[in-house]
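Written out below as structure tokens is the structure these notes cover.
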Amino acid sequence: MNFNRAVIKVGSALVAPSKTGCSGQYILAIAQFITKCHQQGKEVILVSSGGVAAGRTVIRHGSPELSPSVKKAMSSVGQMKMMANWQRFFDIPCSQILITQDDLEDRERYISIRDTIQIQLENGIIPIVNENDTVTTEDLKVGDNDNLSALVAQVCEADSLFILSDIDGVFTKDPNIHDDAVLIPIIDEITDEIYAMAGTSRNHLSTGGMKTKIEAAEKATEHGINTYILNGTKSEVFSSLIRQINPGTRFSADKNTIRAKKHWLKHTVKSHGRITLDKGAVNALLNKGASLLPIGIKSVARSFDVGDCVDLVDQQTKTIIAKGITQYSNKELKRIKGKHSDEIKLILGHEEGDVVIHRDDMVILEQNVEVKPAKVAPKNSEEKGTKTNAPI
Ligand code: GLU
């Protein structure tokens, strides 16, 4: 299988094929596939629907059209059933992560979600994500788990997104009506025509349809994530994936977006401060692809906040070797510099994670820039394109 870290989205049609309660009918094959991925050292984050369907058995409801409050009540009771249903097919521990659109828009909460998932993956746990339906309002919800899975794939920097439902992929026409409809194996560009092909096919139990799946593919591929729409009711789909055969529709990731992120960091974001690093940290960053830990920090200059871009300076050569987005302010870093990560909480009373700058939030400069004394950049000045070879 050609991925290292994947988000697998499992729709209600697979969790609750009879539209109520939870079933193992399709979940078993999916869990076996995920277990195989794990055995091959791959990381998987699940986004699972099915809370509402699972809770349907215990909440009284009248018409088939459920009100939002009834759905919320169902999802809150069904979530536990759905999680228990997953866990019974795994020997691997699972965790539950419930999030809303609002959580993903708030930078601190975003980092918190990202770090939680990262630590769980490092510990071989399968995070299982769903929207926190009980607390969502129209304004604050993602609304469907297809789009949610694309956002989760971005948060945890997955390289692939597998959207599993009961349809084979994207067809040239609606296959339920047209016999001559043909499955499209690869989509390199998502155009209006592709949306038109998606039609309005819907599973009335879940919130999404083909349209939301394509929206999700658009979001994910823009962030460099290959996205697949696959039929999770067919066990041969998983054996094909294992043999590196695409059994559905693949939306190709836009390779340029990964480059664009690094380019943005390198050329557009203005640095608000400077962190000077010891020899060990410089070596770890330049030669080992590591993140920056507080232990390697010798000194901190200028005033900056969490989320600001800072220059990373080699203490020996006095050159800027990298730029990155910091998870701690200058004041906090002054207190934790030179310390082990496990001391952060004790010293600050809180922690934003073990690393000061995550590798994914950092760009190494090919040509190191000499550090010259310069005027302090105004903290809230406009972010104009600052070339790294400009005097700082
Ligand atoms: N969060 C919903 C549930 O757990 C699913 C939404 C969707 O299927 O897109 O039932």
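Residue numbering for the sequence shown follows the numbering used here, beginning at 1 and increasing consecutively. Just so you know, even glycine gets a beta-carbon here, dropped at the ideal spot from N, CA and C. Only a predicted model underlies this, so the values are computations on that prediction, with no experimental measurement involved.
C-alpha gap between N287 and D305, whole angstroms: Position 287 of the sequence shown holds residue 287. Position 305 of the sequence shown holds residue 305. The alpha-carbon atoms of N287 and D305 are separated by roughly 28 Å.
Outcome for L28 when other beta-carbon atoms lying within 10 angstroms are tallied against a minimum of 16: The residue given as residue 28 occupies position 28 in the sequence shown. So L28 counts as exposed.
Cα-Cα separation, K81 to A31: Translated into the one-based positions of the sequence shown, residue 81 becomes position 81. Translated into the one-based positions of the sequence shown, residue 31 becomes position 31. The straight-line gap from Cα to Cα measures roughly 16 Å.
Minimum length 3: unbroken beta strand (DSSP E) runs contained in the stretch 344-372: Listed in chain order, they are 362-370.
May I ask which residues mark the beginning and end of the alpha helix (DSSP H) holding I27? Walking along the sequence shown from the start, residue 27 turns up at place 27. Its alpha helix (DSSP H) spans residues I27 to Q39.
S240 by DSSP, collapsed to three states: which one? Residue numbering aside, residue 240 sits at position 240 when the sequence shown is read from its first letter. Helix, per DSSP.
Kindly list the residues whose CB is nearer than 7 Å to the CB of R274, restricted to its own chain and excluding five residues on each side of it in sequence; keep chain order. The count along the sequence shown starts at 1 and reaches residue 274 at position 274. Excluding sequence neighbours, R274 sits near A301, R302, V310, D311 and V313.
Which of the three DSSP states, helix, strand or coil, is assigned to K9? For the purposes of this step, residue 9 is taken as the residue at position 9 of the sequence shown. In the structure shown, K9 sits in a strand (DSSP, three-state: E or B).
If you check the beta carbons only, do L151 and L230 fall under 9 Å apart? Numbered from 1 along the sequence shown, position 151 holds the residue referred to as residue 151. Numbered from 1 along the sequence shown, position 230 holds the residue referred to as residue 230. Result no, Cβ atoms of L151 and L230 do not sit closer than 9 Å.
Give the straight-line distance between the Cα atoms of S329 and A153, rounded to the nearest whole angstrom. Locating residue 329 in the sequence shown gives position 329, where the first residue counts as 1. Locating residue 153 in the sequence shown gives position 153, where the first residue counts as 1. S329 and A153: Cα-Cα distance of roughly 27 Å.
Pair within 9 Å by beta-carbon distance, K9 and D146: Numbered from its first residue, the sequence shown carries residue 9 at position 9. Numbered from its first residue, the sequence shown carries residue 146 at position 146. Cβ atoms of K9 and D146: closer than 9 Å.
Minimum C-alpha distance to K279 - residue among Q315, Q327, I187 and A196: Within the sequence shown, numbered from 1, the residue matching residue 279 stands at position 279. For K279, the nearest C-alpha among the options comes from Q315.
Quick one: any contact between the stretch 104-122 and the stretch 70-78, if contact means 3 or more CB pairs under 8 Å? Because the criterion of three Cβ pairs below 8 Å is not met, the stretch 104-122 and the stretch 70-78 do not touch.
Thinking just about the alpha-carbon of each residue, which of R359, E65, T136 and L46 is nearest to the one in I99? On the sequence shown, residue 99 is found 99 positions in, with the first residue counted as 1. Here the closest residue by C-alpha is T136.
Same chain only: Cβ atoms within 7 Å of A322, ignoring 5 sequence neighbours per side: Position 322 of the sequence shown, counted from the start, is the residue given in the question as residue 322. Taken in chain order, the residues that qualify are L285, L312, M362, V363, I364 and L365.
Among S63, H350 and T319, which one has its Cα closest to the Cα of L333? Reading the sequence shown from its first residue, position 333 is the one you call residue 333. The option with the nearest alpha carbon to L333 is H350.
Ranges of the alpha helix (DSSP H) found wholly within the stretch 113-156, counting only runs of at least 4: 145-155
Using CA coordinates, which residue listed in F33, V155 and D360 is at the minimum distance from R109? Sequence index remark: in the sequence shown, residue 109 carries index 109 (1-based). Checking every option, the nearest Cα to that of R109 belongs to V155.
Write down every uninterrupted run of the alpha helix (DSSP H) in the stretch 283-340 whose length is 4 residues or greater and which is fully enclosed by it, in chain order. 330-336
Quick check on L14: does DSSP put it in helix, strand or coil? Residue 14 sits at position 14 when you count from the first residue of the sequence shown. In this structure, L14 counts as helix in the three-state DSSP scheme.
For G209, which of E222, I167 and R243 has the nearest alpha-carbon? As a working mapping, residue 209 is identified with position 209 in the sequence shown. The residue with the shortest Cα to Cα distance from G209 is I167.
Within its chain, find whatever has a CB closer than 7 Å to the CB of D254; leave out the 5 residues flanking it on each side and keep chain order. Sequence index remark: in the sequence shown, residue 254 carries index 254 (1-based). Hits under 7 Å: T221, E222 and G224.
Separation of S76 from A394, as counted between CA atoms: Examination of residue 394 is not possible in this model, given that the chain is present from 1 through 392 alone.
With I245 as the anchor, note down where its alpha helix (DSSP H) starts and where it stops. Along the sequence shown, read from residue 1 onward, the residue named residue 245 stands at position 245. From DSSP, I245 is part of no alpha helix (DSSP H); its letter is neither H nor E.
I'd like the list of long-range same chain contacts for R359, defined as Cβ closer than 8 Å, with 5 residues on each side in sequence excluded. Along the sequence shown, read from residue 1 onward, the residue named residue 359 stands at position 359. Around R359: G289, A290 and S291.
Between the C-alpha atoms of S341 and R114, what's the straight-line distance to the nearest angstrom? Counted from its first residue, the sequence shown places residue 341 at position 341. Counted from its first residue, the sequence shown places residue 114 at position 114. Computed Cα separation, rounded: 17 Å.
Determine the closest residue to C37 out of L241, I320 and I325, with distance taken between C-alpha atoms. As a working mapping, residue 37 is identified with position 37 in the sequence shown. Comparing Cα-Cα distances from C37 to each of L241, I320 and I325, the minimum goes to L241.
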